[in-house]
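Chemist:
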Amino acid sequence: MTRLLRFIIPVVILACCGLGAKWLLDNPPQTVMMEMPPVLVQVEGTRLKASSFPVHVRSQGTVQPRTQTTLLPEVSARIVEVSPNFKAGGFFEKDETLLKLDPVDYETAVVVAKASVAQAEATLAEEQARAEQALENWKALGRTGEPGAMVLRKPQLAKAEADVASAKAQVMKAQRDLERTVIKAPFAGQVLEQLVDVGQLVSSGTQLAKVFAVDYVEIRLPLPEREMRFLSLPENYRNAVAGASAAAVQFKATVNGKPAAWQGQLVRVEGAMDMNTRQVVAVAQVNDPYAKRSDGAPPLKIGQFVQAEIAGEVLKDVFIIPRSAVRAGNEIILISEQNTLRRLTVEPLVSDEKQIVISIQAPKAPKVGEVLCLTPIPFPADGARVLPTIDGQKDPGVAKSGGPQASKSTPPANGGPS
4 MTRLLRFIIP VVILACCGLG AKWLLDNPPQ TVMMEMPPVL VQVEGTRLKA
54 SSFPVHVRSQ GTVQPRTQTT LLPEVSARIV EVSPNFKAGG FFEKDETLLK
104 LDPVDYETAV VVAKASVAQA EATLAEEQAR AEQALENWKA LGRTGEPGAM
154 VLRKPQLAKA EADVASAKAQ VMKAQRDLER TVIKAPFAGQ VLEQLVDVGQ
204 LVSSGTQLAK VFAVDYVEIR LPLPEREMRF LSLPENYRNA VAGASAAAVQ
254 FKATVNGKPA AWQGQLVRVE GAMDMNTRQV VAVAQVNDPY AKRSDGAPPL
304 KIGQFVQAEI AGEVLKDVFI IPRSAVRAGN EIILISEQNT LRRLTVEPLV
354 SDEKQIVISI QAPKAPKVGE VLCLTPIPFP ADGARVLPTI DGQKDPGVAK
404 SGGPQASKST PPANGGPS
């Protein structure tokens, strides 16, 4: 019995395995076919609409005084008095006395000149009396005709009159020299550099100080060729008055670690281009730069470097595109209604580090309502599909037009379980 079971059991096991293998061959498992959806890049977009853009042309320059001069004495003397404002950084008004020179020698010269006038006038009076006496003598002698010039002492009389005029001129010169011992300010200004002080002997031509006017300052501003066409420039023409109104300019600088701003305006355009940069140079003016302001802004000092922002025209019917959405070569990316990409090269009217401005009427400009891609894409290809979010809302047409089903399966061939 035991031998029989040892023989039957292996045979049964082999038979069961054979039947199972035959069933599996006759009923293979259903293969599930999977289709992976394409990977869509999620991007941000915005619909383009017509806008207005005020042009502000940027430039820079150095503050310069409208007038800078060196004070020189016209007479020689020792300095006896100096104004408290006669020091570097000191302000003064027009006709204010800055220095006084020793006037003693010039006061003496005035007295001497007046004495010369009195003497010359006395000589003139004597010559006039002699001329009259000569005429009387001529008549007393019974001579007829007109007496000669020498008889009437006309040359001597003319010399006496010339001596009087010369003496009076010497008085006027002495008085002018005396007035010049008081050195007054030629305009309202500030002392840039003090070169002399009390007790110093100065002569005609000695430099006393360097001063500059403070009623207004000027800044030379080179203008970029591409953007200056949007500015209203006060061009100068021969035998004509500049017709353009002055454009407003805002100047900015950092003073003591704090930003400061000043307002000015363009007043003229220089007659020659800058030989180094080949740019047109406009001159802006800031009035009363040293006045104390209510906002506490510091004065605009000579030699200070400032950034300028010039107000220009207001451009209408333009697209304002963020700089982050612009690729190299002024290329932008548009998103079609089928959520595909399209590259377009545009020509900006103006641009800065934040945005570019495109005219709607430009030949290569996009259309109003088209979607601009705001997300930087390293390697965009025309026709590539994306998943856009337009102005904060996802496109409802993505599921209809773009999204293939996640998976598909074929039914079993013989109706068995899959």
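Residues 4 to 421 in the working numbering are what the sequence shown spells out, letter by letter.
By construction, the Cβ of each residue, glycine as well, lies at the ideal position given by its N, Cα and C atoms.
Bear in mind the structure is a predicted one, so any value in this text is a computation, not a measurement.
#1: Here's a check: name, in chain order, each residue in its chain whose Cβ is nearer than 6 Å to the Cβ of Pro414, leaving out the five neighbours to either side.
#2: Pick helix, strand or coil for Ser327, following the three-state DSSP scheme.
#3: So Ser119 is in the alpha helix (DSSP H); what residue range does that whole segment cover?
#4: Mind checking who Ala24 pairs with in its DSSP beta bridge?
#5: Buried or exposed for Pro369, please, with buried defined as at least 16 other CB atoms from any protein chain shown within 10 angstroms of its CB.
#6: Out of curiosity, what's the CA-to-CA distance linking Phe94 and Leu234?
#7: Could you tell me the alpha carbon to alpha carbon distance between Val374 and Glu238, rounded to whole angstroms?
#8: Output the residue ranges of the beta strand (DSSP E) runs that lie fully inside the stretch 257-285 and measure 3 residues or longer, sorted by chain position.
#9: With DSSP collapsed to three states, give me the class of Val353.
#10: Below 8 Å on the Cβ atoms is my guess for Val286 versus Arg330; work out the distance and round it to an integer in Å.
#11: For Gln193, which option in Val360, Cys19 and Leu74 has the closest C-alpha, if you only look at C-alpha atoms?
#12: Thinking C-alpha only, which one of Ile82, Lys261, Lys90 and Glu130 is nearest Glu196?
#13: Output needed for Gly183: all residues of its chain with C-beta closer than 6 Å, excluding positions within five of it in sequence on either side, in chain order.
#14: Thinking C-alpha only, which one of Thr70, Ile335, Lys103 and Val270 is nearest Pro189?
#15: Which one or two residues does DSSP pair with Val205 in a beta bridge?
#16: Please go through the same chain and pick out, in chain order, the residues whose beta-carbon is closer than 6 Å to the beta-carbon of Ala116, but skip the five residues on each side of it.
#17: I need the boundaries of the alpha helix (DSSP H) containing Leu160, first residue and last residue.
#18: Please report the residue range of the beta strand (DSSP E) in which Ala216 lies.
#19: Closer than 8 Å by C-beta to Val371: which residues in its own chain qualify, once you throw out the five before and the five after it? Chain order, please.
#20: Would you report the Cα separation of Asp320 and Glu350, rounded to the nearest angstrom?
#21: Roughly how many angstroms lie between the CA atoms of Lys213 and Thr72, to the nearest whole one?
#22: By Cβ distance, which residues of its chain are closer than 6 Å to Gln45, with the 5 residues on each side in sequence left out?
#23: Put Ala387 into one of helix, strand or coil per three-state DSSP.
#24: Starting from Leu377, trace the beta strand (DSSP E) both ways and give me its first and last residue.
#25: Counting C-beta neighbours from all protein chains within 10 Å, is the total for Val107 16 or more, i.e. buried, or is it exposed?
#26: Closer than 8 Å by C-beta to Arg326: which residues in its own chain qualify, once you throw out the five before and the five after it? Chain order, please.
#27: Counting pairs of Cβ atoms below 8 Å between the stretch 56-69 and the stretch 300-320, do you hit three or more?
#28: Tell me where the beta strand (DSSP E) around Gly48 begins and ends.
Modeler: So, from the listed chains and residues:
#1: Reliability of the predicted coordinates at Pro414 is poor, the pLDDT of 40 falling under 50, and no value is obtained from them.
#2: DSSP places Ser327 in helix when its eight states are reduced to three.
#3: The continuous alpha helix (DSSP H) containing Ser119 extends over residues Val107 to Ala143.
#4: Answer by DSSP bridge pairing: none, since Ala24 is not bridged.
#5: Buried, since its Cβ has 16 or more Cβ neighbours within 10 Å.
#6: If I take the Cα positions, the gap works out to 36 Å.
#7: If I take the Cα positions, the gap works out to 42 Å.
#8: Runs of the beta strand (DSSP E) inside the stretch 257-285: 261-272.
#9: Strand at Val353.
#10: The C-beta distance from Val286 to Arg330 rounds to 38 Å, too long to meet the 8 Å contact threshold.
#11: Across the set Val360, Cys19 and Leu74, the C-alpha of Leu74 shows the shortest separation from the C-alpha of Gln193.
#12: Minimum Cα-Cα distance from Glu196 among the listed residues Ile82, Lys261, Lys90 and Glu130 corresponds to Lys90.
#13: For the sequence presented, residue 183 should be read as Arg rather than Gly. Excluding positions up to five away in sequence, the list reads Glu77 and Val78.
#14: That would be Thr70, whose Cα lies nearest to the Cα of Pro189.
#15: For Val205, which the question treats as bridged, DSSP gives the partners Ala80.
#16: So the list reads Gln173, Val174 and Ala177, once near-sequence residues are dropped.
#17: In this chain, the alpha helix (DSSP H) harbouring Leu160 covers Lys157 to Glu182.
#18: For Ala216, the uninterrupted beta strand (DSSP E) run begins and ends at Ala212 to Ala216, by DSSP.
#19: Once the five neighbours on either side are set aside, the close Cβ partners of Val371 are Leu51, Lys52, Ala53 and Ile363.
#20: Straight through space, the alpha carbons of Glu350 and Asp320 are spaced by roughly 15 Å.
#21: The straight-line gap from Cα to Cα measures roughly 6 Å.
#22: Shown here for Gln45: same chain residues with a beta carbon closer than 6 Å to its own, the five before and five after excluded, namely Leu390 in chain order.
#23: Ala387: coil per DSSP, three-state reduction.
#24: Premise fails: Leu377 is in no beta strand (DSSP E) and is neither H nor E.
#25: Val107 is exposed by the Cβ-count criterion.
#26: So the list reads Ser354, Asp355, Glu356, Lys357, Gln358 and Ile359, once near-sequence residues are dropped.
#27: Contact between the stretch 56-69 and the stretch 300-320 is present, because at least three Cβ pairs lie under 8 Å.
#28: Val44 to Arg50 is the extent of the beta strand (DSSP E) around Gly48.
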